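Scroll down for the structure; my scribbles are underneath it.
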Amino acid sequence: MKKKEVLVLEELLGSNKKIASEIREKLGKKGILTINILGSPGAGKTSLLERIAERLKPDYKMAVIEGDIETERDAERIRAKGIPAWQIITGGACHLDAKMIGNIFPEIPADLDFLFIENVGNLVCPANYDLGENIRCVLLSIPEGDDKPKKYPKAFTTSDCLIISKSDLLPALPFNLEHAQKEALEINPKLEIFTTSALKDSKINELIEYFLSALHKLRQKNA
Ligand SMILES: Nc1nc2c(ncn2[C@@H]2O[C@H](COP(=O)(O)OP(=O)(O)O)[C@@H](O)[C@H]2O)c(=O)[nH]1
Ligand SMILES: [Mg+2]
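Note that the sequence shown covers residues -17 to 205 in our numbering.
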């Protein structure tokens, strides 16, 4: 990359960081835990959110911001679960940025417990953009292969949580779970790792416990 291009990118990221910090502070003060979900197209992000919505809906208030290049499909899937959802259509951009979240900010109900953001399906670009989240989760699905953490490190090094999704496919595919976990932890020892199946509804409760504990800590900090 030429020097001038590097500078422009740094400037963009700098202003993104500022907006993101403001969003984090404002949502944090309202006691809303924000979770940014990254992963390749088809990794199972929306399916996981559907399972989470079913679990949280009776006791907690959640909403979802969906990011996609085209269509309102994912927001419709979430709304079908009785959960408010906004769709950001990027029209080609491969990631969400903090300004896009800021545009929705005035519509976000103040009494939410959880705000989930499903980023545009991509394991590269979204890693560069803080959206004001408290927790970043990256999904790696079994069909993608166990070698991905070291091939796409930034998505894993900038995340707090790794969700190895579609675990029901482990018997069918040569995915070495231990190898994937080991390599992910080598590049980011702080990762909390969950191995879930949205299809079989497996280990979703453990993930929800992790989010609930983070919500509790956020509210204690801001009390
Ligand atoms: N076998 C299996 N398939 C899944 C699972 N979760 C999602 N899928 C399938 O993977 C495809 C993509 O899922 P989707 O949730 O739309 O992925 P997204 O693009 O990351 O939001 C769909 O055909 C889902 O039915 C899972 O846990 N196991
Ligand atoms: Mg989706």
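Using N, Cα and C, we set each Cβ at its ideal position, and we do this for glycine too. This one's a predicted model, so the numbers in the text were calculated from it and none came from an experiment.
{"Asked": "Within 10 Å of its beta-carbon, does N207 have 16 or more other beta-carbons around it, so buried, or fewer, so exposed?", "Found": "Limits of the chain in this structure are -17 at one end and 205 at the other, which puts residue 207 out of reach."}
{"Asked": "Compute the Euclidean distance between the alpha carbons of I5 and L30, then round it to the nearest angstrom.", "Found": "24 angstroms"}
{"Asked": "Checking the sheet assignment: what are the DSSP bridge partners for R118?", "Found": "N18"}
{"Asked": "Is it the case that the CB of D41 approaches a heavy atom of ligand 2 more closely than 8 angstroms?", "Found": "no"}
{"Asked": "Cutting at 7 angstroms between CB atoms, please list the residues of its own chain near P23, excluding the five before and the five after it.", "Found": "G103"}
{"Asked": "Bridge partners of L97, per DSSP?", "Found": "T16 and A45"}
{"Asked": "Kindly provide the chain-ordered list of residues whose Cβ lies closer than 6 angstroms to any non-hydrogen atom of ligand 4.", "Found": "For ligand 4, the structure offers nothing, since it holds only ligand 1 and ligand 2."}
{"Asked": "Count the other C-beta atoms from every protein chain shown that fall within 10 angstroms of the C-beta of A162, then say buried if there are 16 or more, exposed otherwise.", "Found": "buried"}
{"Asked": "Hey, how far is the Cα of K53 from the Cα of I71?", "Found": "Reading off the sequence, residue 53 comes out as Thr, not Lys. Rounded to whole angstroms, T53 to I71 spans 7 angstroms at the Cα level."}
{"Asked": "For the beta strand (DSSP E) holding L144, just list the boundary residues, first then last.", "Found": "C143 to S147"}
{"Asked": "Threshold first: 4 residues or longer. Then list the alpha helix (DSSP H) segments lying entirely within the segment 19 to 90, N to C.", "Found": "27 to 38, 55 to 61 and 80 to 86"}
{"Asked": "Measure the alpha-carbon distance for I117 versus S123 and round it to whole angstroms.", "Found": "19 angstroms"}
{"Asked": "Do you know whose CA, among A137, K164, L189 and F98, lies nearest I14's CA?", "Found": "F98"}
{"Asked": "Is it the case that the Cβ atoms of F96 and A180 are separated by a distance below 9 angstroms?", "Found": "no"}
{"Asked": "Measuring only the C-alpha atoms, how far is G84 from I1?", "Found": "7 angstroms"}
{"Asked": "Please return the same chain residues whose Cβ sits closer than 8 angstroms to the Cβ of E174, not counting the five positions on each side in sequence.", "Found": "D142, C143, L144 and Y192"}
{"Asked": "So, with DSSP's three-state summary, where would you put N104?", "Found": "strand"}
{"Asked": "Taking 7 angstroms as the limit between beta carbons, can you name the residues of its chain near A35, skipping five residues before and five after?", "Found": "M44, I60, K63 and I65"}
{"Asked": "Taking E188 as the reference, give the member of R33, I47 and P91 with the closest Cα.", "Found": "R33"}
{"Asked": "Enumerate in chain order the residues of its own chain whose CB-to-CB distance from P108 is below 6 angstroms, with the five nearest sequence positions on each side excluded.", "Found": "L20, H77 and N101"}
{"Asked": "From which residue to which residue does the alpha helix (DSSP H) around F138 run?", "Found": "P135 to T139"}
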